[in-house]
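Below is one structure, written out as structure tokens, with a few remarks after it.
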Amino acid sequence: MSDTTIIQLFVFMLAGFVGIQTIHRIPPLLHTPLMAATNAISGISLVAALVLAGSGEGWLAGLLGAIAVACATANIVGGFLITDRMLAMFNRRPNPKNGATP
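Heads up, the sequence shown is in numbering that gives the first Met the number 0, so the first residue is 0 and it goes up one at a time.
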């Protein structure tokens, strides 16, 4: 492995560790706004993954880019589903007796 690859793997592992530590320290009240910001960051990651997948820098870059595209897409879709579900908890439900909201 080249020195550049080792440095990139180290940065990737460090970013994963920092991300896990950051998420575990967020209070539950801030999860919905955090998910919205995370979805925006994941969108940027998706664009970068698409650029990497189509860069033509070799089969390893294409393979890692395709894996990154799949992971970023799953992250974005899951984030929007979770955010939608969290926001649905704040909607008022109609009163079953008269159909009016409470």
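Glycine included, C-beta positions come from ideal geometry on N, C-alpha and C.
Short of 7 Å in beta carbon distance, which residues of its chain neighbour residue i, apart from the five on each side in sequence? Order them along the chain.
i, result
"G42", "I75"
"A48", "G64, A67, V68 and A71"
"A60", "L51 and S54"
Starting from residue i, trace the alpha helix (DSSP H) both ways and give me its first and last residue.
i, result
"I5", "D2 to H23"
"G77", "W58 to A87"
Take the Cβ of residue i as the centre, count every other Cβ of all protein chains shown within 10 Å, and call the residue buried at 16 or more, exposed below.
i, result
"G77", "exposed"
"A71", "buried"
Spatial neighbours of residue i within its chain, please: C-beta separation below 8 Å, excluding the five flanking residues on both sides.
i, result
"T82", "T31, M34, A35 and N38"
Within a Cβ cutoff of 6 Å, which residues of the same chain sit near residue i, ignoring the five residues on either side of it in sequence?
i, result
"G15", "none"
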